[in-house]
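Here the numbering used here runs 458 ahead of the position in the sequence shown, where the first position is 1. Okay, so here's the structure we're looking at.
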Amino acid sequence: MSSIMAPNVSGVGAPGRRTVYSMCGMCAVRCPIEVTVEDGRIVWVQGNHHDKAIGASLCAKGSAGLAFEFDDERPQTPLIRTGPRGAGKWRRTSWDEALDYIADKLHDTINTFGGKGIMLSDRGGLFTDLTRTFLNALGSPNYFNHDAGCAGNVHNAALSIYGIGPGGINYDFKNTKHMVLYGRNIVESLMVKESKAFMAALARGMRCTYIDPRASVTACKATRFWQVRPNSDYALNLAIIHEVLKQDAYDKKFVDRFVSGMDYLQEMVRDTTPEWQESHTGLPAEQIREFVKEIAADAPQVIFHPGWMTARHKQSFHVSRTALILNALMGNIEIPGGIILGKSPEQYGRKSLNQLASRTPKPTDQRVDGAGTTRPQWDPKIGMLHQGFAAMETAQPYGIGAYFAYRHDPLTGMPDPEAAKRALDKLKLLVSIDVRYSETGWFSDVILPESTYLERANILSQMNGPVPVFAMRDQAIAPRFDSRPAWWIFREILHRMGIRDVLDFETIEELWNYQLDGTGVTVAEMREEGFVTLSGSPKLIPREELKFPTPSGKIEIESGILKQAGLPSLPPYMPKEAPMGDRFCMLVGRTATLAHGQSLNNPILNEISPKQVLWIHPDRAKPLGISDGDEVEITGGGSYAGRMKAMVTPWIHREAAFMLHGFGATVPLARRAHGLGVADQRLQHGKLYEFDPAGGGCAMTETIVQIKPVASKGGEQ
Ligand SMILES: Nc1nc2c(c(=O)[nH]1)N[C@H]1C(S)=C(S)[C@@H](COP(=O)(O)OP(=O)(O)OC[C@H]3O[C@@H](n4cnc5c(=O)[nH]c(N)nc54)[C@H](O)[C@@H]3O)O[C@H]1N2
Ligand SMILES: Nc1nc2c(c(=O)[nH]1)N[C@H]1C(S)=C(S)[C@@H](COP(=O)(O)OP(=O)(O)OC[C@H]3O[C@@H](n4cnc5c(=O)[nH]c(N)nc54)[C@H](O)[C@@H]3O)O[C@H]1N2
Ligand code: SF4
Ligand SMILES: [Mo]
């Protein structure tokens, strides 16, 4: 069957030297890269120098891309499970057989539950037109991105107040005078362009207030570090807002014109004084007053970053939302040094890419998680994955029979994988489409190996930044193994389901031409530099034309959507109890050389990455008999226990313990990562279904762990 052949783009493998402009795939940031290929082999990868913001830079993970490419410890053919789920018994199979198997189970699912019983989650971001189209064609509204475990709270918060998601919020680092970061660890949990811009801004004299219970590397770069109590930022923000209003340190003209709900705000922060917040955050009241004086002097070039990984606690949504309120009070929107709103090609007189999704009708069924209907405050475009798991388990509001985890590893990227497995085990079909052996892949019925980012092309993407851009991931080399690109995989499944006209493209170029039709941009132009910028320079929306896509057209401090959901726009702060004795609030985060759970098996990153250690404060460690370097045992309420060395340091709040995420993998075929370190998600026992009701994000940092020293061989003297 000819369609089963791997669809290489033309020119791949040709003799001679050439440069391919593409996108890094070593994390989800997708930096622009240039790849030098000689006689079909890659000899060099660097940042795409045509993009001035990145230049030639890559991070360590991006630079380790070739080590990943030449690693054999990844799925090399489609695999079908032969033992019980998770037992690790597989047989290699052909694409034909794997895809037929999937089609069979999809028919079964549709017969039992209808098309809506099929679910897919992916990484979100640039390429979701493909996955949404795939699901829509099958009759399912149940697309999810990964944001229940990441940025869901800030996403839904931004929509509820500005009518715009965080993707449409850009920061003008070049001219900012003061940047306020709530655990936004910008130099370790990084995007290359943003970290460079941040460092350049600091060098120029930008102030940075960094708020975190732990001193991350960003804290070390900041001009002010506030070591707050864990999960207390909402109290801090209520007090800052109180003080900003009291000191009249806000832009009245901007607020009068563009903000609604100021009376409500005044009322809700009347008593949240700097003194009030002291017991909640641990910060002296005087420091809040000083800070407000400082930002009053720096305004309007003051940015309160609303956060990225915000799946922390049950009021994370309101941390982000009050940060966004503070930006409005600064009047920093659409001005140099402030927040620059994303612009569509149409705003520059150009045309957006044609959507694949327009080739199939949108399903009319309600989403299984209630996003956009029974939970109007959750954006149906991203969904809330834990409620997909809940539906698998309970068949409420309806049953789910098939689930595709595509470029997504929820058994690493969602809390409590044991709870998730109980739900997944009810499925008729679980498919993982990945480039390596993930935890979810290991539990699946079928693993489909996608070609790596260097071995494949993706659909084109459109980024609506200050200037809209079309960007491409092009294929640099032929796949090393029997893998396929995603567009081909989804096309083939649809074909087997009798749906031929939706993704009816023989080659990626044909698909790209469909996307580009009428935009005035050609595939050849896209290939010249890997991206096409749709306007020479960014333009700011003049104040008289500024409007927000909310129901009122204004920034809504009191949100109509939240009201509809029966939720307060500014609820009272929920005080946090201080864990005592051997109990700690467990915080997690990233390090610069690893991307989540996906890179610990990379031969280079495995070697250079730091060992996982448990940060713990000396005042808490001492009574437990824990000294720096001692082995400790950590439990989270379930049967799982982890061990690692303690790092006893005052740079972690007394109530908290901290560890890196991305360790403790269980797949034996990924030998370098297997069994290395502790899986924080497994310590987050019972947290799969505990979430922020407003934003929907999981409440991961409400996890309380117990820590004890491991009786040392020689005995503690
Ligand atoms: N306990 C706990 N949970 C967390 C976090 C935490 O710190 N602690 N962090 C949260 C955050 S911020 C996020 S973003 C999520 C991340 O969760 P995920 O999005 O699941 O994590 P990633 O590691 O980015 O990638 C998921 C999978 O995509 C695969 N992949 C990589 N490249 C490709 C490709 O080109 N094609 C295909 N098909 N697959 C590919 C990887 O191998 C990996 O298995 O986890 C969240 N969950
Ligand atoms: N190297 C690398 N870079 C990455 C990624 C990666 O995996 N590796 N992933 C990317 C992704 S998907 C994301 S979402 C971003 C995440 O970017 P961030 O959200 O900036 O990073 P995290 O590493 O999740 O957390 C950073 C800090 O938050 C602190 N923190 C925890 N709880 C609280 C709290 O209640 N209040 C405050 N103020 N701070 C708290 C932790 O102590 C930690 O130091 O990074 C992106 N960049
Ligand atoms: S941040 Fe690093 S790993 Fe992620 S896309 Fe950019 S270069 Fe690649
Ligand atoms: Mo994330």
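Think of the CB as a built atom: it goes at the ideal place given N, C-alpha and C, for glycine as much as any other residue.
Discussion item. Could you check if residue 875 belongs to the surroundings of ligand 1, using beta carbon to heavy atom distance under 7 Å?
Written reply: no
Close-in-space but distant-in-sequence residues of the same chain around residue 898 (CB under 7 Å, 5 per side omitted)
863, 867, 868, 869, 890
message: My output table needs one value for residue 495: the three-state DSSP class, helix, strand or coil.
response: strand
ask   = To which residues does DSSP link residue 636 through a beta bridge?
value = 665, 760
Problem set entry | DSSP-derived helix/strand/coil call for residue 1117 | strand
Alpha carbon to alpha carbon, how far is residue 481 from residue 932?
8 Å
Is DSSP giving residue 1001 helix, strand or coil here? helix
Can you grab the Cα-Cα spacing for the pair residue 803 / residue 985, in whole Å?
-> 19 Å
- Please report the residue range of the beta strand (DSSP E) in which residue 899 lies. Unbroken run through residue 899 is the alpha helix (DSSP H), 897-901; no beta strand (DSSP E).
Using DSSP with H/G/I as helix, E/B as strand and the rest coil, what is residue 1172? Unreliable positioning characterises residue 1172 in this predicted model, as indicated by a pLDDT of 46, which lies under 50. A coordinate reading is not provided.
Secondary structure of residue 1073, DSSP reduced to three states: strand
Practice item. Closer than 8 Å by C-beta to residue 433: which residues in its own chain qualify, once you throw out the five before and the five after it? Chain order, please. Key: Nothing about residue 433 can be read from this structure; the chain reaches only from 459 to 1175.
Checklist line | DSSP state of residue 1150 mapped onto helix, strand, coil | finding: coil
Discussion item. Between the alpha carbons of residue 526 and residue 562, how many angstroms are there, rounded?
Written reply: 33 Å
#### Entry: Whether residue 1184 touches residue 826 by CB criterion (8 Å)
Residue 1184 is absent from the model: the chain starts at 459 and stops at 1175.
Return the CA-CA distance between residue 654 and residue 599, expressed in angstroms with no decimal places.
39 Å
Ligand 3 and residue 520: does any heavy atom of the ligand fall closer than 7 Å to the residue's C-beta?
yes
message = I'd like to confirm something about residue 517: is its beta-carbon nearer than 7 Å to some heavy atom of ligand 4, or not?
response = no
For residue 768, name the three-state secondary structure that DSSP assigns. coil
Close Cβ partners of residue 475 (< 6 Å) along its chain, the five nearest in sequence each way excluded: 496
Original post:
Is residue 460 helix, strand or coil by DSSP?
Top reply: Any reading at residue 460 needs caution, since the residue's pLDDT is 40, under 50, leaving its predicted position unreliable; the model's value is listed next. Three-state result, residue 460: helix.
* Asked: Thinking just about the alpha-carbon of each residue, which of 1142, 577, 1156, 1125 is nearest to the one in residue 532?
  -> 1125
* Does at least one heavy atom of ligand 1 sit under 7 Å from the Cβ of residue 417? -> With the chain represented from 459 up to 1175, any question about residue 417 goes unanswered, as that position is not in the structure.
Same chain, Cβ closer than 6 Å to residue 888, five either side skipped, listed in chain order:
861, 882, 902, 903
Suppose the cutoff is 7 Å on Cβ atoms and the five residues either side in sequence are ignored; what does the same chain contact list for residue 677 look like?
668, 670, 683
Got a sec: does ligand 1 put a non-hydrogen atom nearer than 7 Å to the Cβ of residue 558? no
* To do: Give a single yes or no on whether residue 1142 has its beta carbon closer than 7 Å to a heavy atom of ligand 1.
  => yes
So what does DSSP say about residue 1139, is it helix, strand or coil?
helix
### Message
Once the 5 residues before and after residue 501 are set aside, which same chain residues still bring their CB inside 6 Å of it?
### Response
494
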